[in-house]
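Using our numbering, read the sequence shown as starting at 60 and increasing by one per residue.
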Amino acid sequence: MPTVRNHITLTSQSPNPPDQLVSPVTSIRALVVEDDELDAQIVQRALRNTEQVAYHVEHVRNLSNAYKRIFNSSFDVVLLDLGLPDGFELNGLSRLVSLLEVPVIVLTGNEGSEIAVEALACGAHDFVAKSENLSVILPRVISYTIQRHRTQAELARTEQLLSVQGEFAKLQSANIQQRLDSASLLATFASDSKQCIALIQSEGVIEWANDSFEARYSANPGELNHRSLDQILTDLQGRQWHEELQIAMDASESFELVWRSENGSGDELWNRIELVPTQQPSTTNQRFLFSLTVDVIPR
């Protein structure tokens, strides 16, 4: 099932203080990505013997199945073996981390510090070597990693909320709301983005698209203007995304959708579209920021 998430809603309430950000971890859903059945059993046994936390563990043998499970279920942590047959070691780790919003802990039989540093540099949240002490070390590392990840996420959300509230207050006091609708202003921060970004009307018609959007669809500057998304994004297969997008636009709501498809070469495509209104919901002639990202995972 694709993920659909609302963006931040402005409120007058103050964010929670840091000591109230997260509650203790008492139940954990873990995905073990390990091609060796014996090693997978050792990991699962180490987690089952933990008294303070109830673990719900699933096991897959390769990255392809890991992607499918991750985007069709909810996990608190992913335990990843670097030596998967389709993982290409650190390359597989980088791809996985780039698509996830949950922490990834690397499992490996190589106990050298060099591979640990490389794994952390590629985005792993922590590193555990397979050893006789796994049943003692692994649960502690998982609990600490999840707590740290949740705290960082809440702090980031609080920081973003405060920033948005502050900027919104400035816009209201300066009466410059109309500047948010200016294509020239949008161009200053979106023209150099690698994401495909466009300013669209509530009917899905493009008013302005950045260079990445035009390049993706081989369009000359300004050629996509006044055309609808349905006419342009014909390459997005595997999901009736335009119907769900229109519902969000009709309600002037933020919207995010992620789904999996394949191209003609059999490569996996992870498609992500996002929609953010530029004005308050009650505003007439509402406009939206629309973004498109497609991650390609080769066969």
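Just so it is clear, CB atoms sit at the ideal spot from N, CA and C, and this is done for glycine as well.
On a predicted model such as this, the values are computed, not experimentally measured, just so you know.
{"Item": "Beta strand (DSSP E) runs wholly inside the segment 94 to 174, at least 3 long, in chain order", "Value": "113 to 119, 136 to 140, 163 to 167"}
{"Item": "Alpha-carbon spacing of V91 relative to L139, whole angstroms", "Value": "6 Å"}
{"Item": "Backbone secondary structure at E213 - three-state DSSP", "Value": "helix"}
{"Item": "Secondary structure of R358, DSSP reduced to three states", "Value": "coil"}
{"Item": "Candidates L304, R358, V112: closest to P336 by CA position", "Value": "L304"}
{"Item": "Inter-residue Cα distance where the pair is F349 and I196", "Value": "44 Å"}
{"Item": "Proximity below 9 Å, CB of L97 to CB of W329", "Value": "no"}
{"Item": "Beta carbon of L258 nearer than 9 Å to that of R331", "Value": "no"}
{"Item": "Assigned exposure category for P280 - 16 Cβ within 10 Å defines buried", "Value": "exposed"}
{"Item": "Per DSSP, cross-strand counterpart(s) of R319", "Value": "W329"}
{"Item": "Reduced DSSP secondary structure (H/G/I, E/B, other) of E273", "Value": "helix"}
{"Item": "Distance CB(G263)-CB(L288) smaller than 9 Å", "Value": "yes"}
{"Item": "Span of the alpha helix (DSSP H), counted from its first residue to its last, around Q290", "Value": "288 to 291"}
{"Item": "Where S194 sits in the DSSP three-state scheme", "Value": "helix"}
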